[in-house]
Amino acid sequence: METAVKLLSNFLKNKDWQTLNKYGRIIGLLLYYILRSRRSVVAKNLEITTGKSNKKLQKSVFKNNFASFMEIFFAPKINEQFIVNNVEIDNEKDIREFIRKNKKFVLVSAHIGSWELAPPIVSKVFKTRIAVIGRRIKNPHVDSLVAELRSSGKVEYLHHRNITGNIYEYLENNVPIGVLLDHSATKKDSIYVDFFGLRTTFNAGIPAICIRKNIPALICFCIRESGRIKLISYPPVYPDSKLKLKSRVRMFAKEINTIYEDIIKKYPDQWLMLHKRFKRLEQSDGKKTDSIYRS
353 METAVKLLSN FLKNKDWQTL NKYGRIIGLL LYYILRSRRS VVAKNLEITT GKSNKKLQKS
413 VFKNNFASFM EIFFAPKINE QFIVNNVEID NEKDIREFIR KNKKFVLVSA HIGSWELAPP
473 IVSKVFKTRI AVIGRRIKNP HVDSLVAELR SSGKVEYLHH RNITGNIYEY LENNVPIGVL
533 LDHSATKKDS IYVDFFGLRT TFNAGIPAIC IRKNIPALIC FCIRESGRIK LISYPPVYPD
593 SKLKLKSRVR MFAKEINTIY EDIIKKYPDQ WLMLHKRFKR LEQSDGKKTD SIYRS
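Pasting the structure below:
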């Protein structure tokens with residue numbers, strides 16, 4: 353397994369961004385026809401987020417999602433020339449002003465568009481270190497490869513379990529923490545917050561840290577648009593000091609979800625619809641359910 357992973361990664365590391373995107377889209381289209389159960393997950397997620405689901409949109413989701421997966425092999429090669437030729441930055445002046453004023457902050461994005469390229473692009477453009485957090489992958493060889501690909505230049509990679517102390521240390525050294533908070537969270541890590549009209553899980557860890565340290569979240573996404581990448585930013589989210597602690601955490605999460613809803617509605621086929629985002633729900637009577645994806 354280790355040899356196979358190395359051979360495949362060495363082959364893909366040598367490809368340019370456009371080629372990796374092409375490979376991903378071809379693989380995605382093939383898997384659309386093969387992965388019937390995952391196709392039904394995409395259909396349900398599209399119904400929830402857009403109110404519609406058709407084969408054309410479902411195919412576009414598969415192609416975009418696998419293009420996103422393939423882009424991780426290009427992440428270490430992000431440089432100034434690539435950014436000049438391929439990246440458009442929305443509200444660059446506002447982002448620079450935010451970073452100048454806020455030495456401590458979290459960088460929040462989502463599994464949408466070129467999410468694997470967002471940390472190195474932001475790091476290169478704004479000349480800042482970033483410590484990104486990701487889930488550990490069960491296969492140790494794949495996990496090691498992902499950690500290697502996500503750690504390049506001024507970008508450092510952390511596994512998500514038992515790292516609160518590391519997060520505080522990075523923040524104290526004015527190193528922003530990069531996180532994707534749009535995935536479903538486990539019961540012990542989460543609170544329930546409205547998302548596309550459903551009360552579903554939201555990982556409470558980062559919002560709680562932001563509240564305790566009184567630091568804001570800068571929200572950015574890298575979207576593929578017309579053969580280029582567009583870095584889109586939203587107004588920062590700040591803790592509301594007027595609310596009680598639990599209410600502040602919930603409000604912080606709710607504001608992030610509102611931004612997620614907006615970007616997903618604009619680019620639904622670029623969001624990771626393959627993921628069972630709504631598998632844990634809280635009903636109006638307070639009871640929990642996990643049956644939304646059952647046929």
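Residue numbering for the sequence shown follows my numbering, starting at 353 and increasing by one per position.
No residue lacks a Cβ here, since even glycine has one placed at the ideal position from N, Cα and C.
Keep in mind it's a predicted model, so treat the numbers as computed, not measured.
Taken through DSSP and simplified to helix, strand or coil, Tyr645 comes out as coil.
Take Pro559, set aside five residues on each side of it, and the residues of its chain with a beta-carbon closer than 6 Å to its own are Val601, Phe604, Ala605, in chain order.
Of the other Cβ atoms in all chains shown, 16 or more fall within 10 Å of the Cβ of Thr553; this residue is therefore buried. Of the other Cβ atoms in all chains shown, fewer than 16 fall within 10 Å of the Cβ of Pro492; this residue is therefore exposed. Taking Asn518 as the centre and dropping the five residues before and after it, the same chain places the C-beta of Ala483, Leu510 closer than 8 Å to its C-beta, in chain order.
Secondary structure note for Ala499: its alpha helix (DSSP H) is the uninterrupted segment 492-502.
In the pairwise beta carbon analysis, the stretch 395-407 is classified as not touching the stretch 450-458: fewer than three pairs are separated by under 8 Å.
Sorting Asp546, Phe421, Gln622 by C-alpha distance to the C-alpha of Gln635 places Asp546 at the top. Ile543 carries a strand assignment under DSSP once its states are collapsed to helix, strand and coil. The beta carbons of Leu570 and Ile430 sit no closer together than 9 Å. Tyr384 is positioned such that its CB atom lies closer than 9 Å to that of Lys411. With contacts defined by Cβ atoms closer than 9 Å, Leu469 and Ala427 form a contacting pair.
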